[in-house]
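S.K.: My questions all concern the structure below.
There are 2 protein chains.
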Amino acid sequence: MNSESPLSGHISKRFDSELEDIRNRVLEMGGLVETQVNSGLQALLHSDSKLAQQVADGDYKVNAMEVEIDEHCVQILARRQPTAGDLRLIVAILKTITDLERIGDQAEKLGRLEIELTEEGASTSSFVKLEHLGERVAKMLHRSLDAFARMDDKAALKTIKKDFKINEEYDDLSRQLITFMMEDPRTIKNALRVTWCARALERIGDHARNICEYVLYMVHGKDIRHIDYDDLKDQINWDG
Amino acid sequence: MNSESPLSGHISKRFDSELEDIRNRVLEMGGLVETQVNSGLQALLHSDSKLAQQVADGDYKVNAMEVEIDEHCVQILARRQPTAGDLRLIVAILKTITDLERIGDQAEKLGRLEIELTEEGASTSSFVKLEHLGERVAKMLHRSLDAFARMDDKAALKTIKKDFKINEEYDDLSRQLITFMMEDPRTIKNALRVTWCARALERIGDHARNICEYVLYMVHGKDIRHIDYDDLKDQINWDG
């Protein structure tokens, strides 16, 4: 039977559609995680504890998707024994869903912190500080999922760069909150809660960065983690 | 050529030794990470900024090992196309090294925070609060690596249980530190740094828990993440 036979064609097509299915499931999981993050942010900015509770309660769906996609990947590795690009795709998906699951955990944390803040009667002015950082992080997450969907290495690299700005903004915000606490020690508990929210956002940025790194790995077949950003540009010969 | 032929025996033996090699490298990486965590703790408890700097500077070694083992795993998946238990081992290793790398990041954070605390002239009495939590976390990490080395599901399950105590102790310590800050606002900055140290330790506990879950996955072939502890015991029919 040569490689052009209908049967091998059929098998290969089925494999292609399996890979396509699994990629679509990852994008679905990404969409769910994005919704969780955006809802967590909306809940914080509008002191909407009902929405916050929905976010906190909804994390199990993200966890269930991780387990399902993970099992699917292992099945494909066992049955299809992919090599080269297909293998890199599966390995990258195994890693991506771990980061998506952890972004889900951070969204859940935002929900729980909103509920505590509202219970403690914190003024919404303290949440306002989170708005800009939150928007930046949500945009970065969206871009990283978009880079994944389109396997776009340039978009991935551009998105990685955003993480530096997020870290800077997080550091500034932390410093502001410390000053705030020192000026009025009665605010310490709630200012700390706002700090945990900022930290959750900052960590979502880190995970989005990881996802971008897996996109580069898929496209270039190189592990580019732990490499300086400037070296990175040289490594993939991109001047953007 | 039947399955008893010297050649197939030889090939299989080479595969066995490759798997053994990779497992040993994971244990080496685990040993390095353990050293980083213990040194970070020692640096904190003895205000030893020289040691702290070594820890902060040493993280690149952990990162390099992750990349190397990761590439080795992908090569094995491509060349050997393992199935069943061997495949689960490789997938579990791919996940374990991600957690080990992140434990390394937390150890680095301990080193950096110690340096800041010493520069700010923080009294060692604040670090003492971390001693008990640190010992607990270091022991849990050791046990999780031990469970991995011996593929011991019962030890893994026992070790997972330790994470609940660590989370409780972290919560208590956080509350104490908040009280401390409220009583004397001048201590806020350093008390926050001690809080970040406690949080780094708590996260090391989470990663050690993840490693134990991969041991259960390797041994039982089931993904047991996101399952309640009591359900977990039922799932693997263990009454320990």
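These protein sequences, in sequence, are chains G and V.
Count along the first sequence from 1, add 78, and you get the number used in the working numbering.
Count along the second sequence from 1, add 78, and you get the number used in the working numbering.
Ideal Cβ positions, reconstructed from N, Cα and C, are used throughout, including at glycine.
For clarity, every value in this text was computed on a predicted model and none was experimentally measured.
1) Measuring only the C-alpha atoms, how far is Arg157/V from His220/G?
2) Any beta-carbon of chain G closer than 8 angstroms to the one on Ala200/V?
3) Mind checking the segment 143-159 of chain G against chain V and listing, in chain order, the residues whose C-beta falls within less than 7 angstroms of any C-beta there?
4) Roughly how far, in whole angstroms, is the beta-carbon of Glu144/V from the beta-carbon of Glu179/V, given that I think they are within contact range, below 8 angstroms?
5) Please state the DSSP three-state secondary structure of Glu198/G.
6) How many Å lie between Glu209/G and Ile193/G at the Cα?
7) Considering just the uninterrupted stretch of the alpha helix (DSSP H) at Thr237/V, what are its terminal residues?
8) Secondary structure at Asn80/G, three-state DSSP: helix, strand or coil?
9) Can you tell me whether Gly283/G is helix, strand or coil according to DSSP?
10) Does any CB atom of chain V fall closer than 8 angstroms to the CB of Val133/G?
11) What are the uninterrupted segments assigned as alpha helix (DSSP H) that are 4 or more residues long and contained completely in the segment 81-138 of chain G, given in chain order?
12) In this structure, how does DSSP classify Gly318/V when only helix, strand and coil are distinguished?
13) With a cut-off of 8 angstroms, does the C-beta of Val104/V fall near any C-beta of chain G?
14) May I ask you to report which of helix, strand or coil DSSP gives Ala159/V?
15) Is the segment 104-115 of chain V touching the segment 173-191 of chain V, taking contact as three or more C-beta pairs under 8 angstroms?
16) Give a yes or no on whether 8 angstroms exceeds the smallest Cβ distance from Met260/V to chain G.
17) Is DSSP giving Gly212/V helix, strand or coil here?
18) Can you find a C-beta in chain G that's less than 8 angstroms from the C-beta of Ile266/V?
19) Which same chain residues, not among the five before or five after Glu82/G, have their C-beta less than 8 angstroms away from its C-beta?
20) How would you label Val206/V, buried or exposed, when you count the other beta carbons within 10 angstroms and need 16 or more for buried?
21) Would you check if the segment 235-245 of chain G and the segment 275-291 of chain G touch, i.e. whether three or more CB-CB distances between them fall below 8 angstroms?
22) Using a Cβ cut-off of 7 angstroms, which residues of the segment 265-285 of chain G contact any Cβ in chain V, in chain order?
23) What residues in the segment 162-190 of chain V have a beta carbon less than 8 angstroms from any beta carbon of chain G?
24) Find the residues of chain V that neighbour Ile256/G, judging by a C-beta separation of less than 8 angstroms, and give them in chain order.
25) Is there at least one Cβ from chain C nearer than 8 angstroms to Gly189/G's Cβ?
26) Taking the C-alpha atoms as reference points, what is the distance between Asp94/G and Glu186/G?
27) Taking a contact to mean a Cβ-Cβ separation below 8 angstroms, would you say Leu255/V touches Thr273/V in this structure?
28) Using the three-state DSSP reduction, which class does Gly299/V fall into: helix, strand or coil?
M.R.: Here's the rundown:
1) 35 angstroms
2) no
3) Val145, Asp148, Glu149, Val152, Leu155, Ala156 and Gln159
4) 4 angstroms
5) coil
6) 17 angstroms
7) Asp231 to Glu261
8) Residue placement at Asn80/G is flagged as unreliable, the pLDDT there being 42, under the threshold of 50; the coordinate-derived value follows with that caveat. Coil, per DSSP.
9) Gly283/G falls in the helix class under three-state DSSP.
10) no
11) 84-123
12) Model confidence at Gly318/V stands at a pLDDT of 40, short of 50, so the residue's coordinates are unreliable and nothing is read from them.
13) Chain G, which has no Cβ nearer than 8 angstroms to the Cβ of Val104/V, makes this no.
14) For the sequence presented, residue 159/V should be read as Gln rather than Ala. Coil at Gln159/V, not helix or strand.
15) At 8 angstroms Cβ cutoff, the stretches touch.
16) yes
17) helix
18) yes
19) Per-residue confidence for Glu82/G stands at a pLDDT of 42, beneath the threshold of 50, marking its modelled position as unreliable; the derived number appears in the next sentence. Cβ within range, chain order: n/a, list empty.
20) exposed
21) yes
22) Ile266, Lys267 and Leu270
23) Ala162, Leu165, Arg166, Val169, Leu172, Lys173 and Thr176
24) Ile266, Lys267 and Leu270
25) Any reference to chain C falls outside this structure, whose protein chains are G and V.
26) 35 angstroms
27) yes
28) coil
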